[in-house]
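Residue numbers (the numbering used here): 241 to 570.
For reference, the structure discussed in these notes is given below.
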Amino acid sequence: MDLLPPLRFTPIFKSALWGGARLRTMFKAPLSPNPTGEVWLLSDHPNHPSVIADGPLAGTRLHDLMQRSAERIVGKATAPQGRFPVLIKFLHARESLSVQVHPTDAKASELEGPTATGKTEAWVVLEADPTACVHAGLTPAATPDALRRAIQSGNVEDLLYAHAPSPGDCFFLNAGTVHAIGGGIVLFEVQQTSDLTYRLYDWKRTDPKTGQPRELHVDKALASINYAAGPCRPNRPTTEARGRVARTPLVECPYFDLGRWEASRSFRAGAPGECRILTGIEGQAVIRHGGKDYPLGLGDVWLIPAETGAVEIVPSGNTTILECGLPKRE
Numbered sequence: 241m242d243l244l245p246p247l248r249f250t251p252i253f254k255s256a257l258w259g260g261a262r263l264r265t266m267f268k269a270p271l272s273p274n275p276t277g278e279v280w281l282l283s284d285h286p287n288h289p290s291v292i293a294d295g296p297l298a299g300t301r302l303h304d305l306m307q308r309s310a311e312r313i314v315g316k317a318t319a320p321q322g323r324f325p326v327l328i329k330f331l332h333a334r335e336s337l338s339v340q341v342h343p344t345d346a347k348a349s350e351l352e353g354p355t356a357t358g359k360t361e362a363w364v365v366l367e368a369d370p371t372a373c374v375h376a377g378l379t380p381a382a383t384p385d386a387l388r389r390a391i392q393s394g395n396v397e398d399l400l401y402a403h404a405p406s407p408g409d410c411f412f413l414n415a416g417t418v419h420a421i422g423g424g425i426v427l428f429e430v431q432q433t434s435d436l437t438y439r440l441y442d443w444k445r446t447d448p449k450t451g452q453p454r455e456l457h458v459d460k461a462l463a464s465i466n467y468a469a470g471p472c473r474p475n476r477p478t479t480e481a482r483g484r485v486a487r488t489p490l491v492e493c494p495y496f497d498l499g500r501w502e503a504s505r506s507f508r509a510g511a512p513g514e515c516r517i518l519t520g521i522e523g524q525a526v527i528r529h530g531g532k533d534y535p536l537g538l539g540d541v542w543l544i545p546a547e548t549g550a551v552e553i554v555p556s557g558n559t560t561i562l563e564c565g566l567p568k569r570e
């Protein structure tokens, strides 16, 4: 049996009233009459399954590969309900997203049923307008009652920590963290394979298609919040590659780990028997494996199956690459 090669998937564009056109231009896709808020590049979510874009397995769903032999893909990592455990996407917020929270696994199961999973996530900012803002975390004054009153009065922002994001900033949001991405931001996101979001507040906005406010989920949101979490401060880059190779760890949690490579010469990424996801965010490079080159530029996301092992990265000048791994089962 031939070893699986690096795998790339067909982008899945998702409309959102807070989105714009930036993602479609970034991925050289036809423009849409509706604003695009997200593009999913690797997903085993049942509502939006990824399909391999090219190579000998073109047209095959990631979920079908996982069903045939998950260990070839994820090695000894956990695959809840037989699904690939993380989801990779890019977001463009032309306008602010709602103030929202994602539940933990335990709370998701309690509120939505035993098959529901929570959503811990991490962002890396790619573009940010000078006036852009990220809200992440609650102030000490935030209690369930205070939040209810703030929702009614429209003063929720007063209970949120605000951060001025810069390109390269990494935000790690444990499930239970209240957050809102402000307008004028493009970012990369890695998260658990879940699409479970509870809206607390939506800035008194109405959906232009219906003329009605979007649904809120106040009771479930208030029940899902970690009120002791405090501010979620960004991890900011401090190194640059100048004729060398540097890897900066960004996130390590029970669901994924994330690091940033900055390099201008060749290096090895990954490890035998371990799954990796490589994402280009700046510059150009290729993944060299099995005598073939796979392009790795802005927006390119490659799944390196566990059985593929380590690969060689060959940059063309200075390049920045995100590497996501999966924790092994205990």
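All C-beta atoms, glycine included, are put in the ideal place defined by N, C-alpha and C.
Inset, instruction - Would you kindly work out how many angstroms separate the C-alpha atoms of W340 and G531, rounded to a whole number? - result: It is worth fixing the name first, because residue 340 is Gln in this sequence and not Trp. Their Cα atoms are separated by approximately 46 Å.
Inset, instruction - Under 6 Å Cβ to Cβ from G424, same chain only, skipping five residues before and after it: list those, please. - result: Around G424, the same chain offers D369 and A372 as residues with beta carbons nearer than 6 Å, after the five sequence neighbours per side are excluded.
Legend entry - Three-state class that DSSP yields for A269 in the structure shown: Annotated three-state conformation of A269 is coil, per DSSP.
Inset, instruction - Over the uninterrupted alpha helix (DSSP H) stretch that includes S464, give me the two end residues. - result: That run of the alpha helix (DSSP H) goes V458 to S464.
Legend entry - Three-state secondary structure assigned by DSSP to R389: The answer is helix: DSSP assigns R389 an H, G or I state.
Inset, instruction - Counting only the same chain and skipping the five closest in sequence on each side, list residues whose C-beta sits under 6 Å from that of D284. - result: Excluding residues within five positions, the ones whose Cβ falls inside 6 Å are L302, H303, R323, F324 and T433.
Inset, instruction - Apply the 10 Å Cβ neighbour rule to G470 and answer buried if 16 or more other Cβ atoms are within range, or exposed otherwise. - result: Counting Cβ neighbours within 10 Å, G470 comes out exposed, since fewer than 16 surround it.
Inset, instruction - Using DSSP bridges, identify the partner residues of T446. - result: For T446, which the question treats as bridged, DSSP gives the partners P453.
Inset, instruction - Count the C-beta pairs between the segment 395-404 and the segment 458-468 that are closer than 8 Å, then say yes if the count reaches three, no if not. - result: Touching, no, given that fewer than three Cβ pairs across the two stretches are closer than 8 Å.
Inset, instruction - To the nearest angstrom, report how far apart F330 and P380 are at their CA atoms. - result: So the two alpha carbons sit approximately 31 Å from each other.
Inset, instruction - Would you mind giving the Cβ-Cβ distance between T504 and G557, rounded to the nearest angstrom? I have them listed as a contact below 8 Å. - result: Residue identity differs from the one stated: residue 504 is Ser in this sequence, not Thr. Correct: roughly 6 Å between the Cβ atoms.
Legend entry - Rounded straight-line distance, which links the Cα of D447 to that of A256: Each residue's alpha carbon lies about 10 Å from the other.
Inset, instruction - Hey, could you find the ends of the beta strand (DSSP E) L282 is sitting in? - result: Counting along the chain, L282 sits inside the beta strand (DSSP E) bounded by residues T276 to L282.
Legend entry - Close beta carbons around P289, own chain, < 6 Å, minus the five adjacent residues each side: Excluding positions up to five away in sequence, the list reads R301 and H303.
Inset, instruction - Run the CB neighbour count on E502, radius 10 Å, all protein chains shown included, and call it buried at 16 or more, exposed below. - result: Flag for E502 reads buried.
Inset, instruction - Report the option in L543, E563, E547 and A317 whose CA atom is closest to the CA atom of D222. - result: The structure shown does not extend to residue 222, since the chain spans only 241 to 570, so no value can be given for it.
Inset, instruction - Give me the Cα-Cα distance between R445 and R454, rounded to the nearest whole angstrom. - result: Their backbone Cα atoms lie some 8 Å apart in a straight line.
Inset, instruction - Could you have a look at E563 and say whether DSSP puts it in helix, strand or coil? - result: Residue state, collapsed to three classes: strand.
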